[in-house]
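Chemist: These protein sequence lines are chains A and B, in that order.
In terms of the numbering used here, the first sequence opens at residue 1 and continues consecutively.
In terms of the numbering used here, the second sequence opens at residue 1001 and continues consecutively.
Here you go, one structure.
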Amino acid sequence: MFLIDRRLILRFDWALFFVALAIVLIGIVNIYSAGYSLGPGVAMYKRQIYWLCLGIIFLFVGAFLDYAYIEQYCYALYLLTLVLLFYVLFQGKLVGGSQRWIPLGFFNLQPSELAKISLAMVLAKWFQRKYDPKGYTIRALLPPLALTAIPFSLIFLQPDLGTGLMLLAIFCSIVVFVKFRLTSFIFTLCCFISLVPFVWHLLKPYQKHRILGFLDPGLDPLGKGYQLIQSKIAIGSGQLWGQGYLKGTQSQLDFIPEKYTDFVFSVFCEEWGFLGAAILLGLYFLLFLRIATIVSHARDSFGMILGFSIASLFLWQFTINLGMVLGLLPIVGIPLPLFSYGGSSLLISMFSLGVLINIHIKRHIF
Amino acid sequence: MDFDQQITSSLSRRTVILVGFLFLSLLVIFVRLWQLQLLEGEYYFDLAKNNRIKLQEIIAPRGIIYDRNGQVLADNTPSFDISLLHEGLQDLERIIPLLSTILSLSPEEIRQRVEQTKNLSRFKPIKIKKDVSRKELGLIEFYKIDLPNVVIEVFPKRHYPLGEAMCHAIGRLGEIDETTLKNLKSSDYGLGDFIGKSGIEKAYENELKGKPGWLQFEVDALGRRKRVLSSEYPEPGNDVYLTIDADLQRFAHKTLGDKNGAVVALDPHNGEVLAYVSHPTFDPNLFSRGISSKDWNALVHSPFHPLTNKAIQGTYPPGSIFKIITAIAGLEEQIIDPQTTFFCHGRYDFINRPRCWKRGGHGTMDLYSALEQSCDVYFYSVGHRLGVDKMAYYASLFGLGKETGIVLEGEKCGLIPTTTWKKKVYGVSWQQGETLSTSIGQSFVLCTPLQVALMMNTVASNGTLYVPHLSLKVMNRAGEVLDITDTEVRSITSVSPATLAAVKEGLWRVVHGDRGTAKMVRISDLEIAGKTGTAQVIRLKEDKQDINDIPYQYRDHAWFAAFAPFTNPCISVAVLVEHGGFGSSVAGPIAREIIDYYLNTILPSKNPSIPKTLYQQSTINDVSY
Chain A
1 MFLIDRRLIL RFDWALFFVA LAIVLIGIVN IYSAGYSLGP GVAMYKRQIY
51 WLCLGIIFLF VGAFLDYAYI EQYCYALYLL TLVLLFYVLF QGKLVGGSQR
101 WIPLGFFNLQ PSELAKISLA MVLAKWFQRK YDPKGYTIRA LLPPLALTAI
151 PFSLIFLQPD LGTGLMLLAI FCSIVVFVKF RLTSFIFTLC CFISLVPFVW
201 HLLKPYQKHR ILGFLDPGLD PLGKGYQLIQ SKIAIGSGQL WGQGYLKGTQ
251 SQLDFIPEKY TDFVFSVFCE EWGFLGAAIL LGLYFLLFLR IATIVSHARD
301 SFGMILGFSI ASLFLWQFTI NLGMVLGLLP IVGIPLPLFS YGGSSLLISM
351 FSLGVLINIH IKRHIF
Chain B
1001 MDFDQQITSS LSRRTVILVG FLFLSLLVIF VRLWQLQLLE GEYYFDLAKN
1051 NRIKLQEIIA PRGIIYDRNG QVLADNTPSF DISLLHEGLQ DLERIIPLLS
1101 TILSLSPEEI RQRVEQTKNL SRFKPIKIKK DVSRKELGLI EFYKIDLPNV
1151 VIEVFPKRHY PLGEAMCHAI GRLGEIDETT LKNLKSSDYG LGDFIGKSGI
1201 EKAYENELKG KPGWLQFEVD ALGRRKRVLS SEYPEPGNDV YLTIDADLQR
1251 FAHKTLGDKN GAVVALDPHN GEVLAYVSHP TFDPNLFSRG ISSKDWNALV
1301 HSPFHPLTNK AIQGTYPPGS IFKIITAIAG LEEQIIDPQT TFFCHGRYDF
1351 INRPRCWKRG GHGTMDLYSA LEQSCDVYFY SVGHRLGVDK MAYYASLFGL
1401 GKETGIVLEG EKCGLIPTTT WKKKVYGVSW QQGETLSTSI GQSFVLCTPL
1451 QVALMMNTVA SNGTLYVPHL SLKVMNRAGE VLDITDTEVR SITSVSPATL
1501 AAVKEGLWRV VHGDRGTAKM VRISDLEIAG KTGTAQVIRL KEDKQDINDI
1551 PYQYRDHAWF AAFAPFTNPC ISVAVLVEHG GFGSSVAGPI AREIIDYYLN
1601 TILPSKNPSI PKTLYQQSTI NDVSY
């Protein structure tokens, strides 16, 4: 099952590994600062270190597990995910008005994180099997759409709009990647636009508020737009050099909302300024370039489609998270991969990177 | 090349989408970061500072007002407000039943108050009830656990220990309004601050107010105070010492009782105001944290106008008290000497033959007996020979017809008629008959009680017209004297000592003479000189002997003005009782009580070394004329 081999160690993509590790370590340093004002009792950064250790193991599992097994068992994983999503919907831990976590004692499992990667896998498998070089029609896309719609609905009901949208983004990305017929694309677009008012009607008030708050943050500075304004103030006040480590008043005095998870980048920008942000973004740039190279050089079609869907998952999360903390996109709860606090997210991210490294290694074998 | 490789090679090219998207995404993010951090960085930096730094004003303790002996007339006590923090808004409905029971407010009232103020500031607690009682405060403390986010705020509150007994002179505070705020030059005031609205509180506002301090502190996102960044302590206001003697003030207030009118006591040595009463009164404590509309309406709509400061704002005909002026004018103009006599048969034979108050007539009168018995005919005779303008001149020497210059606001100047005045105002010339009534203090003559007291004070001080003053000195909290109010002499009359001595003897006889109109004012061992006055409100057609037959508003005003002891006067008093009837029977005893209390109780207790007899010595024989 595991392909351990001297060549494997040599072919292991150390560049990708160290860039990712650097991002996570900077993230931990940053989480330390975000939790600094709460005193030493609340040591979120310590837990993030445990997740990192566990995450490295996950990464190696992902890297050395023959992904033929993934191909083989991905539907099982997908079903497990659905079961967990069902479970969380009825039995989950209620946090902030939505049910997202399964308490496991030592940590709260977030099945929606698992849903991202398992969906990426089943979609990769489906498209690899039913590959159509001429492009897909809408009818042909109905099965994968159904595969996406089921976890999406369950997550949407939690309600967690952000993660739900991520699933749709994965689906769309793969469709674009494997070629979609232009006529079908236009038709879908029209359907989508006509659905918007209906979806708006289904949204919970707080989700509507977020979107309205995004459109006009000045509308209600103490309510809806508050998070966005505080985030922008934090980022802007960092200026070129930053306020200094542990000295960002916006984060130390709790003006930044969700400062460990969704808005962790605001904390970083406030304390490290434009230069710090540039270095961090540079690391992400290297990471994504490396991932793109791996995908484009994948040995087989399953590896390539899987690699692409994982890559798109990372890129979407990255873009949406930064877009939202910078006030360019509505605030939906999406963490910054590798950088935000959160066990489920970090473990899944590390495992996904492992799979990418796996695809890279596979290329050189046989 | 198998099928799978065909797929990979065609898809491989499409990974460009990924790279393209990456570049686009990073480009947008960098542009945005550049905009937020570099272009608008300073703006957001300032916003971050404003976010966390709050400025709180610390109200400066207002200066304390003392009486001449250091008794407190106005100080500050803590007052407690019940407020709700913004975090508590979501629990409001749950705590409303308990709150409304404790504070005796209806749930609707509480909701209304919260609605009105909740959007003002995220950090300012929402005021639910101002200035709660000790009992309410205790209950709030007791149920603290059931009332999360309900806080008690402390504010300084002006406290007047004498209450109604000392209101018009000391004045009151009031919330500053927007127009006043705009006109004030000082930046030390803000909307909602309290400012002196009348009396000493207003006149000495600049001394009393002090300088507010501030506290700059850092707050977190919930408005919780994290640490103090810098602060400036408030400078307490300066303390003002008044000339008022609190004991005498309280006594005068009590003695006047529920009669409407005014009492003013001055010190003939320097014009210091020893007591100052105007009735009806109000409780200045009601205004200290903002008066309720119920209390305000009660004060404003009272038919007796409690807010009016009658001692300086009420003008009344002085009646017979004005005969002092007529006598002095007659002597000085050598129309009479003290021995000149006129015969009174009950009427003065001129024009419409005005009557003397004593129907049967007084018989032959010289100056002394005319003052003693207040014979109208005698003074008609003198006034007739003087003419109104001469009398007006001497009236002015004794401070009538002009503001006395006391620091209190809204002082009326009264009226002393002259021929030119009448021509100017009415357009007709002066009538001889009006001269007659002027000479007994009727016709157009109007005086404030303070002016009458000041006139008597000027007689007592042998012609020195002082500016009556209320403040002795201003001291800061460290005990340094900043300002001593000097005795201010307005003028020293040219009236000869002999004239004054003659008039004074006449005034002595008013109290001590066998037929004196104020015999009941007599106190054993104390020599008092004074003059009664009865000011007609309207001329009644028939004589009514019983005052109770006359409707209240048509009854005459009763006056009594006096000074004592006769030699070395230490106090001069004017008492006015509105619609009190005959002067000597109503106003006289009040003045007597005040004089007695001051000379026999207060002064001896203050200077035990000085023998009591000094204030009582009878040296009438030394007076020469």
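Ideal Cβ positions, reconstructed from N, Cα and C, are used throughout, including at glycine.
1) Give me the Cβ distance between A:ASP132 and A:ALA124, rounded to the nearest whole Å; I'm assuming they're in contact under 8 Å.
2) First and last residue of the beta strand (DSSP E) that includes B:CYS1344?
3) Going by DSSP in three states, B:GLN1553 sits in which element: helix, strand or coil?
4) Tell me the residue span of the alpha helix (DSSP H) that contains B:LEU1603.
5) With distances taken Cα to Cα, identify the nearest neighbour of B:ASN987 among B:GLU1218, B:ASP1193 and B:ASP1146.
6) Residues of chain B with CB under 9 Å from A:GLN239, in chain order?
7) Identify each residue in the region 17-39 of chain A for which the Cβ-Cβ distance to at least one residue of chain B is less than 9 Å, and report them in chain order.
8) For A:LYS224, decide whether its Cβ has a neighbour in chain B, counting only Cβ atoms nearer than 9 Å.
9) Please list, in chain order, all residues of the same chain as A:ILE23 whose beta carbon is under 8 Å from its beta carbon, the five residues on each side excluded.
10) Hey, A:TYR45 and A:ILE28 are a contact pair by Cβ (cut 8 Å); roughly how many whole angstroms apart?
11) For B:TYR1233, collect the residues of the same chain with a Cβ closer than 6 Å to its Cβ; drop the 5 residues on either side in sequence, then sort them by chain order.
12) For B:LYS1626, which three-state DSSP category applies?
13) Quick one: list the residues of chain A neighbouring B:VAL1154, beta-carbon separation under 7 Å, in chain order.
14) Does the Cβ of B:ASP1376 have 16 or more other Cβ atoms within 10 Å, making it buried, or fewer, making it exposed?
15) Drop a sphere of 10 angstroms on the beta-carbon of A:CYS74, count the other beta-carbons inside from all chains shown, and report buried for 16 or more, exposed for fewer.
16) List, in order along the chain, the chain B residues whose C-beta lies closer than 7 Å to that of A:TYR67?
17) At a Cβ threshold of 9 Å, is B:ILE1007 touching chain A?
18) How do the region 1558-1572 of chain B and the region 1508-1524 of chain B stand: do at least 3 beta-carbon pairs fall below 8 Å, yes or no?
19) Please work out which residues of its chain come closer than 6 Å, Cβ to Cβ, to A:ILE348, disregarding the five sequence neighbours upstream and downstream, and give them in chain order.
20) Would you list the residues sitting across from B:HIS1469 in a DSSP beta bridge?
21) Using the Cβ count rule (16 or more neighbours within 10 Å means buried), how would you classify B:CYS1447?
22) In angstroms with no decimal places, state the Cα-to-Cα distance between A:LYS208 and A:PRO197.
23) What residues in the region 254-271 of chain A have a beta carbon less than 9 Å from any beta carbon of chain B?
24) Closest by CA to B:LEU1454, which one among B:VAL1273, B:PHE1045, B:ALA1327 and B:TYR1378?
25) For a contact defined as C-beta to C-beta under 9 Å, what are the partners of B:VAL1114 on chain A?
26) Buried or exposed: which applies to A:ILE186, given that a residue is buried once 16 or more other Cβ atoms fall within 10 Å of its Cβ?
27) Within the same chain, show all residues whose beta-carbon is closer than 7 Å to that of B:GLN1617, passing over the 5 residues directly before and after it, in chain order.
28) Is A:ILE357 close to the ligand MG? I mean its beta-carbon at under 8 Å from any heavy atom of the ligand.
29) Could you have a look at B:LEU1400 and say whether DSSP puts it in helix, strand or coil?
30) Could you have a look at A:CYS36 and say whether DSSP puts it in helix, strand or coil?
31) Is any beta-carbon of chain A found at less than 9 Å from that of B:ASP1004?
32) What is the DSSP secondary structure of B:GLY1506, counted as helix, strand or coil?
33) The region 1206-1223 of chain B: which residues have C-beta closer than 8 Å to a C-beta of chain A, in chain order?
34) Taking the Cβ atom as the reference point for each residue, do B:THR1243 and B:LEU1098 lie within a distance shorter than 9 Å?
35) Among the candidates A:MET324, A:ILE294 and A:LEU79, whose CA atom is the shortest distance from the CA of A:ILE310?
36) Can you tell me which of the three DSSP states A:ASN358 falls into?
Modeler: Answer, in terms of the structure:
1) The sequence position of residue 132 of chain A within the first sequence is 132, counting from 1. The sequence position of residue 124 of chain A within the first sequence is 124, counting from 1. Not quite, the Cβ-Cβ distance comes to about 15 Å (not below 8 Å), so this is no contact.
2) By one-based count along the second sequence, residue 1344 of chain B stands at place 344. Annotation for B:CYS1344: the continuous beta strand (DSSP E) segment containing it runs 1342-1344.
3) Numbered from 1 along the second sequence, position 553 holds the residue referred to as residue 1553 of chain B. Three-state result, B:GLN1553: helix.
4) Residue numbering aside, residue 1603 of chain B sits at position 603 when the second sequence is read from its first letter. In the DSSP assignment, B:LEU1603 falls within the unbroken alpha helix (DSSP H) covering 1603-1606.
5) Lying before the first or after the last residue shown, residue 987 of chain B is absent from chain B, which here runs from 1001 to 1625.
6) Sequence index remark: in the first sequence, residue 239 of chain A carries index 239 (1-based). GLN1037, LEU1038, GLY1041, GLU1042, TYR1044 and PHE1045, listed in chain order.
7) The residues in question are SER37.
8) The residue given as residue 224 of chain A occupies position 224 in the first sequence. Caution is warranted here: a pLDDT of 46 is assigned to A:LYS224, below 50, making its placement in the model unreliable, and no coordinate value can be reported.
9) In the first sequence, residue 23 of chain A corresponds to position 23, counting from 1. So the qualifying residues of the chain are LEU280, LEU283, TYR284, LEU287, LEU338 and PHE339.
10) Mapped onto the first sequence, residue 45 of chain A falls at position 45. Mapped onto the first sequence, residue 28 of chain A falls at position 28. About 5 Å; that satisfies the 8 Å criterion.
11) The residue you call residue 1233 of chain B lines up with position 233 of the second sequence. Only residues of its own chain outside the window of five on either side were considered, and among them GLY1213 have a CB closer than 6 Å to the CB of B:TYR1233, listed in chain order.
12) No information on residue 1626 of chain B is available, as it lies outside the stretch 1001 to 1625 that chain B covers here.
13) Position 154 of the second sequence, counted from the first residue, corresponds to residue 1154 of chain B. Taking a Cβ-Cβ threshold of 7 Å, none of the residues of chain A is close to B:VAL1154; the smallest such distance is about 26 Å.
14) Locating residue 1376 of chain B in the second sequence gives position 376, counting from the first residue. B:ASP1376 sits buried, since 16 or more C-beta atoms from the chains shown fall within 10 Å of its C-beta.
15) Position 74 of the first sequence, counting from 1, holds the residue named residue 74 of chain A. By the neighbour-count definition (other C-beta atoms within 10 Å, threshold 16), A:CYS74 is a buried residue.
16) As a first step, residue 67 of chain A is located in the first sequence; it is residue number 67 there, counting from the start. None at all; the shortest Cβ gap to chain B is about 14 Å.
17) The residue you call residue 1007 of chain B lines up with position 7 of the second sequence. Yes, B:ILE1007 lies at the interface with chain A (some Cβ there is under 9 Å from its Cβ).
18) A contact exists between the region 1558-1572 of chain B and the region 1508-1524 of chain B.
19) Here residue 348 of chain A corresponds to residue number 348 of the first sequence, with the count starting at 1. For A:ILE348, the CB contacts under 6 Å within the same chain, skipping 5 residues up- and downstream, are GLU113 and ILE117 in chain order.
20) Sequence index remark: in the second sequence, residue 1469 of chain B carries index 469 (1-based). Residue pairing by DSSP puts B:HIS1469 in a beta bridge opposite B:GLU1272.
21) The sequence position of residue 1447 of chain B within the second sequence is 447, counting from 1. Buried.
22) Mapped onto the first sequence, residue 208 of chain A falls at position 208. Mapped onto the first sequence, residue 197 of chain A falls at position 197. Rounded to whole angstroms, A:LYS208 to A:PRO197 spans 12 Å at the Cα level.
23) Interface annotation for the region 254-271 of chain A against chain B: ASP254, PHE255, ILE256, PRO257, CYS269 and GLU270, criterion Cβ-Cβ distance under 9 Å.
24) In the second sequence, residue 1454 of chain B corresponds to position 454, counting from 1. Residue B:VAL1273 holds the alpha-carbon nearest to the alpha-carbon of B:LEU1454 among B:VAL1273, B:PHE1045, B:ALA1327 and B:TYR1378.
25) Walking along the second sequence from the start, residue 1114 of chain B turns up at place 114. For B:VAL1114, there are no neighbours in chain A by C-beta distance under 9 Å, as the nearest C-beta there is about 15 Å away.
26) For the purposes of this step, residue 186 of chain A is identified with residue 186 of the first sequence, where counting begins at 1. So A:ILE186 ends up on the exposed side.
27) Here residue 1617 of chain B refers to the residue found at position 617 of the second sequence. With a pLDDT of 46 at B:GLN1617, under the threshold of 50, the modelled position of this residue cannot be trusted, and the question is left open.
28) With respect to small molecules bound, the structure shown includes none, and the ligand MG cannot be examined in it.
29) Within the second sequence, residue 1400 of chain B is the residue found at index 400, counting from 1. B:LEU1400: coil per DSSP, three-state reduction.
30) Residue mapping note: residue 36 of chain A aligns to position 36 of the first sequence, counting from 1. Cys is not the amino acid found at residue 36 of chain A; the sequence shown has Tyr there. It is helical.
31) The residue given as residue 1004 of chain B occupies position 4 in the second sequence. Taking 9 Å as the threshold, the shortest C-beta distance from B:ASP1004 to chain A falls below it.
32) The residue given as residue 1506 of chain B occupies position 506 in the second sequence. Secondary structure of B:GLY1506 (DSSP, three-state): helix.
33) Under the 8 Å Cβ criterion, the region 1206-1223 of chain B contributes GLU1218, VAL1219, ASP1220, ALA1221 and LEU1222.
34) By one-based count along the second sequence, residue 1243 of chain B stands at place 243. By one-based count along the second sequence, residue 1098 of chain B stands at place 98. Annotated as distal: B:THR1243 and B:LEU1098, with beta-carbon spacing of 9 Å or more.
35) Numbered from 1 along the first sequence, position 310 holds the residue referred to as residue 310 of chain A. If we check each option's Cα against that of A:ILE310, A:ILE294 comes out closest.
36) Within the first sequence, the letter at position 358 stands for residue 358 of chain A. It is helical.
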